[in-house]
Each structure stands twice: as structure tokens, then as C-alpha cells.
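Enquirer: First to last, the protein sequences are chains A, B and C. Sequential numbering from 1 applies to the first sequence in this note's numbering. Sequential numbering from 1001 applies to the second sequence in this note's numbering. Sequential numbering from 2001 applies to the third sequence in this note's numbering. My structure is below; once you've seen it, I'll send some questions.
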Amino acid sequence: MASVFETPQFEAFVKYGALSLAKMLNMSLLTGVVRMAKGSFANKEDYTSSGRLSPDELKAKLATPDPFLERIRRCHLNDMENIPPFILTGLFFVLAANPTLDSCNWHFRIFLASRILHSICYILALPQPSRLLCFTVGFVTTCSMLLRAIAAVW
Amino acid sequence: MASVFETPQFEAFVKYGALSLAKMLNMSLLTGVVRMAKGSFANKEDYTSSGRLSPDELKAKLATPDPFLERIRRCHLNDMENIPPFILTGLFFVLAANPTLDSCNWHFRIFLASRILHSICYILALPQPSRLLCFTVGFVTTCSMLLRAIAAVW
Amino acid sequence: MASVFETPQFEAFVKYGALSLAKMLNMSLLTGVVRMAKGSFANKEDYTSSGRLSPDELKAKLATPDPFLERIRRCHLNDMENIPPFILTGLFFVLAANPTLDSCNWHFRIFLASRILHSICYILALPQPSRLLCFTVGFVTTCSMLLRAIAAVW
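Encoded structure:
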């Protein structure tokens, strides 16, 4: 008897789930790099390690975060809103909805591509509706898997 | 030999886990709808797509987000703090703590109901302690499952 | 045939995954306690329950959140960015990468310790690079598991 974990569907789930997480973890790295480059931090102790500032300069710096950094933070938050739900949905989909390998692969690939393109649109501030379109494609993909999983156990 | 995925406990987990995710994903939709209705966005490129503003108007709009939108954002963030941990806890609970079907069903139903009521209290700004009560019920439900799972593997 | 859920690796995963979630859920409790202690809330209805304020006082309170509370909120957000991805990565690692029990235990223990120390550094505002170091150790641990999982299914 083959375990569910040895099916190609589950293998595809692990592959694309892990790649989505890797994409999301990269946002933490990017935030760190941009914080260093811009010299813009959220905590007072982060400043004193890299050069002394007067109390007034420190207060001003903390009160006005860099706009580009805020953009990256929002992009990261959008990943946090979408990628963990996608992976949990994917788990339900693979374990409960008995999907074909093609169905798994295309759901997972379209989601991952939509999130990568979403981040590119967000970070480069590309004109709308490019970002909205990327978001929608990923969101609909997750909903499609979620509805299949709910239908399977109803 | 029946796989763990064919138990009614696991089926209940998939059903209520998927419904909780659907509830959380709806917050993204609601945010989008309210942003359109209020004409309040977080990024400069989101404004230029829907009508031209002078640079000063744009700056003012970006600096003062709509209070109702901020409320929905906090409500969504509260879901993000609670719903993915609930699902991961539920997975540990079902796989490790060997719960009865009744125990599963009631934990999952109470949690889901508490989160739906929490959002209603939050969005309608109902007087406290209504929202606090809803939050606490969901939080205690998650803790109860988490403690059972920890006890089972200790 | 032993199920994957009866392996000591999976048991270690449930134990440390559940402890990480418990650590993260504690941040919600801490936020609540500090909100009460500081009398600093994010919503107008939270104030009217605990004492009447004039509209101007209320507006001022809502506009200037307590700095210590903001610090706890950022600390909680950092947990949300790192702990659910760790658990999902741990699931992929245990199910797909066929790790030894020692490898599991050490990855999980180091991650959990790094997150607890990270929160201590954050909340007490310890001088940098203490917090950066804790973050990096946990982040690298997650990446190590993620790369092993991706390599296993490639």
C-alpha cells in the first residue's frame, strides 16, 4: 500500500509549497538589506549600533519610516496574508480532494508565478491594474483549491 | 488498515479548517471592496489608475488612511494571528492527541463561530467586552487543543 | 507497517511545533496585558468600556500608540513572519526529506531557542546585534530545513 506521501501529487505539493515559502522568506532578507542601505530602522537600539544620533534626530528617524521600506513591508504582509493560507489549502486539497497530478501542478504553478509577479509589480510600483491582476490570479487559485476541498468533505 | 486521512476526525479537521481559511480570505475581499468604495489606497500607483490627483492631494491621501479601512485591516491582522495557528494546532491535535470525533467537532465549531462573531463585533464596533469575549473563546479553544497535543507527545 | 505519524521524527515535530505556537500565542496575551496596564488601545470602543474620555482626549490617545506596545506588536509580527513558515517547513522536512531524529531535534530546538531569545532581546531592547543574531539563527535553521525538503523532491 503506497502512503499518501509517496504520491506524485504530494511531491508536487511539497515542491511548490517549499518554493512559495522560500519566496516569502526572501522578503525578510530584502527588508533587512533595504533597512541597511537606507539606514532606516524601527527601533531605537538599531540606530545606536550603527552610528550615534542626537535624541532629536533619532526621534525624527523613528517617526518617518522610509517610503520604499514601507512598500516592501506591505508587500511582505501581502505574502503573509496569502502564502500560508495557500499552503494550508494545498494540504487540504491534496489530502481530501483526490486531485489529478495535472490539476495539482497547474494550481501550484499558477499560484507561485502570480505571487512572484505580484511582488515585482509591488516593489517596482508598476502601474495598476498589473498588481491587482497578479493578486487576483493567486487568490482565485487558492479559492479554487479550497472549494474543491470543502466539496470533498461535505 | 484505514489511513489517518480517512478518519472522521480528519474529515472534520479539513471541513472546519477550510471554512476558517475561507472566512479569513474573505477579509482580503472586504478590504478590496472598502478601498474602492472609500477611494483610500496605500500606494501612489493605486490612485493614478482611478483618477488624477495633484501631488499634494496624493500626499495627503496617503498620509491619512480611512479609519474604517484601518479597522478592517486590524480585524484581518487579528485573523492572521489566530487562524493559521488554529489550523496548525488542529493538525497536531488530530494527528497526535487521538481525540474523539465529538471533541474535534466542538473544538472546531466553537473556534469558527468565535472568529465569525469576533469579526462582526470588530467591523460594527460593538461595545466591549463583546469583541474581547469572542477573541477569548477562540483563543482558549486553540490553547485547549495545543495543550492536548503537547501532553500526547511529552 | 508503521505510519509516518508514529515515527519519533514526527513526534519531535509535533512537540516543538506546538511549543513554538505556544510561544507565539503568548505574544497575544502579553499584548493584552500591556494594553490594560498602559491603558492604550487601538479602537474607540475599547476606551469607552474602561472609563469615559472627551472626544479630543480619545482622538489623541488613538493617534499616539504607546511606544512599548508598538515594540511588542512588532515583536509579535516578527513571530508571525517566522513561526508559521517554520512549522510548514518542518512538515515538509519531516515528511519528504527523511531526516534522522538527531537532525530533527537539533533543527527544532535551535529554532525554538532562537525565537525565545529573539523576543527577550526585542522586548528588553537589548543592544544590537543581539536581536539580529537571534533572528539570523532561526532564519538559517528554517532555510536549512527548506533546502533539504526542496532537494528531496527535486
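Where is the CB? At the ideal position from N, CA and C, for every residue including glycine.
If you measure between the beta carbons of B:A1063 and B:N1098, is that distance less than 8 Å?
Expert: Against a cut-off of 8 Å, the Cβ pair of B:N1098 and B:A1063 comes out as no contact.
Enquirer: So with Cβ pairs under 8 Å, would you call C:G2039 a contact of chain B?
Expert: Taking Cβ atoms only, chain B never reaches closer than 8 Å to C:G2039, which makes this a no.
Enquirer: Leaving out five residues on either side along the sequence, give the residues of the same chain with a beta carbon under 7 Å from the beta carbon of B:V1004.
Expert: Excluding positions up to five away in sequence, the list reads F1010, L1095.
Enquirer: In chain order, what residues of the same chain have a beta carbon less than 8 Å from the beta carbon of C:R2148, not counting five sequence neighbours either side?
Expert: Excluding positions up to five away in sequence, the list reads F2093, A2097, P2099.
Enquirer: For the segment 2056–2067 of chain C, which residues have a CB atom closer than 9 Å to at least one CB atom of chain B, in sequence order?
Expert: Listed by position, the residues of the segment 2056–2067 of chain C near chain B (Cβ gap below 9 Å) are L2062.
Enquirer: Go ahead and pull the three-state DSSP assignment for A:D56.
Expert: The answer is helix: DSSP assigns A:D56 an H, G or I state.
Enquirer: Give the DSSP-derived three-state secondary structure of B:T1089 in the structure shown.
Expert: DSSP places B:T1089 in helix when its eight states are reduced to three.
Enquirer: From this set, A:T7, A:L112, A:G39, which residue's C-alpha is nearest A:E57's C-alpha?
Expert: That would be A:G39, whose Cα lies nearest to the Cα of A:E57.
Enquirer: Leaving aside the five residues before and after A:V34 along the sequence, list all residues of the same chain whose C-beta is less than 7 Å from its C-beta, in chain order.
Expert: Only F68, L69, I72 meet the Cβ criterion.
Enquirer: Along chain B, which residues have their Cβ under 7 Å away from the Cβ of C:I2087?
Expert: Ordered by position in chain B, the residues that pass the 7 Å Cβ test against C:I2087 are L1088.
Enquirer: Using beta-carbon positions only, say whether B:G1017 and B:I1120 come within less than 8 Å of one another.
Expert: Going by C-beta atoms, B:G1017 is not nearer than 8 Å to B:I1120.
Enquirer: With a threshold of 8 Å between beta-carbons, can A:E81 be considered close to chain C, or not?
Expert: No, A:E81 does not count as interfacial toward chain C.
Enquirer: If I follow the unbroken alpha helix (DSSP H) through B:E1006, where does it start and stop?
Expert: Segment: none, B:E1006 is in no alpha helix (DSSP H) and carries neither H nor E.
Enquirer: What is the DSSP secondary structure of C:W2154, reduced to helix, strand or coil?
Expert: C:W2154 falls in the coil class under three-state DSSP.
Enquirer: Report the rounded CA-to-CA distance for B:L1126 versus A:G32, giving the unit in angstroms.
Expert: Between B:L1126 and A:G32, the C-alpha separation is close to 39 Å.
Enquirer: Pick out whichever of B:F1139, B:L1117, B:E1081, B:S1144 has its Cα sitting closest to the Cα of B:C1104.
Expert: Nearest C-alpha to B:C1104: B:S1144.
Enquirer: May I have the straight-line CA-CA distance separating C:E2045 from C:P2055, to the nearest angstrom?
Expert: Taking the straight line from one Cα to the other gives about 12 Å.
Enquirer: Suppose you measure from the CA of A:L133 to the CA of C:D2102; what does that come to, to the nearest Å?
Expert: Whole-angstrom Cα-Cα distance: 45 Å.
Enquirer: Would you call the CB atoms of B:G1021 and A:P85 closer than 8 Å?
Expert: Checking the sequence shown, residue 1021 of chain B turns out to be Leu, not Gly. Yes, they are a contact pair.
Enquirer: With DSSP run on the structure shown, which of helix, strand or coil describes A:P99?
Expert: In this structure, A:P99 counts as coil in the three-state DSSP scheme.
Enquirer: Report yes or no: is there a C-beta of chain A within less than 8 Å of the C-beta of B:V1033?
Expert: Not one chain A Cβ lies under 8 Å of B:V1033.
Enquirer: So what's B:S1114 in DSSP terms, helix, strand or just coil?
Expert: B:S1114 falls in the helix class under three-state DSSP.
Enquirer: Using a Cβ-Cβ distance cut-off of 8 Å, determine whether B:K1023 contacts chain A.
Expert: Not an interface residue.
Enquirer: Do B:S1118 and B:R1131 have their CB atoms nearer than 8 Å?
Expert: The residue asked about is misnamed: residue 1118 of chain B is His in this sequence, not Ser. In this structure, B:R1131 lies closer than 8 Å to B:H1118 by Cβ.
Enquirer: Mind checking the segment 68–79 of chain A against chain B and listing, in chain order, the residues whose C-beta falls within less than 8 Å of any C-beta there?
Expert: So the list reads R71, R74, given in the order they occur along the chain.
Enquirer: Which residue's Cα is closest to the Cα of C:L2091: C:L2019, C:W2154, C:L2146?
Expert: Closest option to C:L2091, Cα to Cα, is C:L2146.
Enquirer: At the level of alpha carbons, what is the spacing between B:N1156 and B:Y1122?
Expert: Any answer about residue 1156 of chain B is impossible in this case: the structure gives chain B only from 1001 up to 1154.
Enquirer: At the level of alpha carbons, what is the spacing between B:L1019 and A:I150?
Expert: Each residue's Cα considered, the two are about 8 Å apart.
Enquirer: Do B:H1076 and B:M1036 come within 8 Å of each other at the CB atom, strictly closer than that value?
Expert: Not a contact, by the Cβ cut-off of 8 Å.
Enquirer: Based on Cα-Cα distance, which residue from C:R2074, C:W2154, C:L2112 lies nearest to C:V2137?
Expert: Measuring from the Cα of C:V2137, the nearest candidate turns out to be C:L2112.
Enquirer: To the nearest angstrom, report how far apart A:M1 and A:T7 are at their CA atoms.
Expert: Because A:M1 carries a pLDDT of 39, less than 50, the predicted location of this residue cannot be relied on, and the following value inherits that uncertainty. When rounded, the distance between both Cα atoms is 11 Å.
Enquirer: Going by beta carbon distance, what residues of the same chain come within less than 6 Å of A:M24, once the five residues before and after it are set aside?
Expert: Here the set comprises D79, I83.
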